[in-house]
Amino acid sequence: MTIKANAKINTFLKITGHKDGYHTLLSRFIKVPHLYDTISFVPEKCKEFTIEGCGDVPTKSNTIYKSFKAMSIDTDFFRNHKVVVHKRILSGAGLGGGSSDAGAFMRLFNEVCNLEIDTPTLAKIGSKVGADIPFFVYDYDSANVSGFGEIVEPFKDEPFEIELFTPNIHCDTPLVYKTFRKELFETIEPKNFEGWERLTTREVLSKVDAIMANDLYRASLIAYPKLKDIAPNGWYFSGSGSTFFKIK
10 MTIKANAKIN TFLKITGHKD GYHTLLSRFI KVPHLYDTIS FVPEKCKEFT IEGCGDVPTK
70 SNTIYKSFKA MSIDTDFFRN HKVVVHKRIL SGAGLGGGSS DAGAFMRLFN EVCNLEIDTP
130 TLAKIGSKVG ADIPFFVYDY DSANVSGFGE IVEPFKDEPF EIELFTPNIH CDTPLVYKTF
190 RKELFETIEP KNFEGWERLT TREVLSKVDA IMANDLYRAS LIAYPKLKDI APNGWYFSGS
250 GSTFFKIK
């Protein structure tokens with residue numbers, strides 16, 4: 010009872026608006042095949058929902074636990090099994106590690122316990138926990154993600170290899186979004202990225218640099234100035250950071 014929870018990159022990410030305290034976006038999410046956590050259900054008597062392998066993150070703050078609670082399933086399964094996470098995806102790196110863990114957990118729970126929850130419903134539940142979780146519930150290799158993250162449309166991108174560089178900087182996603190809203194929100198120009206969702210990743214990146222490809226990169230540079238000193242030339246920036254990537 011083990012499942013992979015792959016990392017993702019955002020090959021482009023554009024903020025499209027702001028509503029009810031949250032930003033809307035248009036982004037291309039790509040699964041990273043070679044980087045993943047693993048989620049396992051291991052037999053063991055447990056007095057309460059138990060997660061191992063996530064360091065000092067309190068259980069009730071863990072996206073896996075939050076997803077379990079959001080599913081509202083009354084079951085004895087997790088009184089007889091613990092959740093064991095083997096972490097390889099760094100947190101605060103723009104790779105979606107916590108959201109991927111939650112999405113993979115939901116899929117595995119649904120399968121192992123024969124819950125028969127259809128994928129759109131499972132994704133909708135996940136969206137209540139985190140904006141990136143629906144992408145990981147659908148488990149597409151590549152998708153256009155929009156709205157608050159709840160609209161996930163598969164996209165047949167051309168295949169390419171991904172190289173990653175993650176510096177030792179933890180980027181706090183809420184802080185980066187807050188910085189964007191305060192410093193950069195007024196600079197949004199939707200016509201500048203009109204039609205990107207129909208282009209391949211190579212086509213988009215051939216037209217723009219890292220700053221233009223990802224609105225959150227500018228915000229991350231303001232929130233974490235050290236990124237300027239270590240940004241590799243010609244690489245792009247994933248999500249709210251701190252991972253840089255290039256396609257081979």
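Everything in the sequence shown is counted per this note's numbering, starting at 10 for the first residue and increasing by one. From the three backbone atoms N, C-alpha and C, an ideal C-beta is built for every residue, glycine too.
Taking 4 residues as the minimum length, the alpha helix (DSSP H) runs contained wholly in the stretch 163-212 are 182-192, in order along the chain.
Just so you know, the alpha carbons of TYR245 and GLU162 end up roughly 23 angstroms apart.
Counting only runs that start and end inside the stretch 55-101, the beta strand (DSSP E) elements of at least 3 residues fall at 90-95. In the DSSP assignment, ASN119 falls within the alpha helix (DSSP H) that extends over 106-121.
Between GLU172 and LYS255, the CB-CB gap stays under 8 angstroms. In the same chain as CYS55, and ignoring 5 residues on each side of it, the C-beta atoms closer than 6 angstroms to its own belong to ARG88 and LYS91, in chain order. By the neighbour-count criterion, in which a residue is buried when 16 or more other Cβ atoms sit within 10 angstroms of its Cβ, ILE239 is exposed. Here VAL217 carries a coil assignment [DSSP, helix/strand/coil]. In the DSSP assignment, ALA16 falls within the beta strand (DSSP E) that extends over 11-28. Your pair ASP110 and VAL94 checks out as a contact, with CB atoms roughly 6 angstroms apart and the cut at 8 angstroms.
Taking 8 angstroms as the cut-off, the Cβ atoms of LEU184 and ALA140 do not count as close.
Sequence-distant Cβ neighbours of PHE144 in its own chain, meaning closer than 8 angstroms and more than five residues away, are LYS17, PHE38, GLY105, SER108, GLY112, ALA152, VAL154, GLY158 and VAL161.
The three-state secondary structure of THR252, taken from DSSP, is coil.
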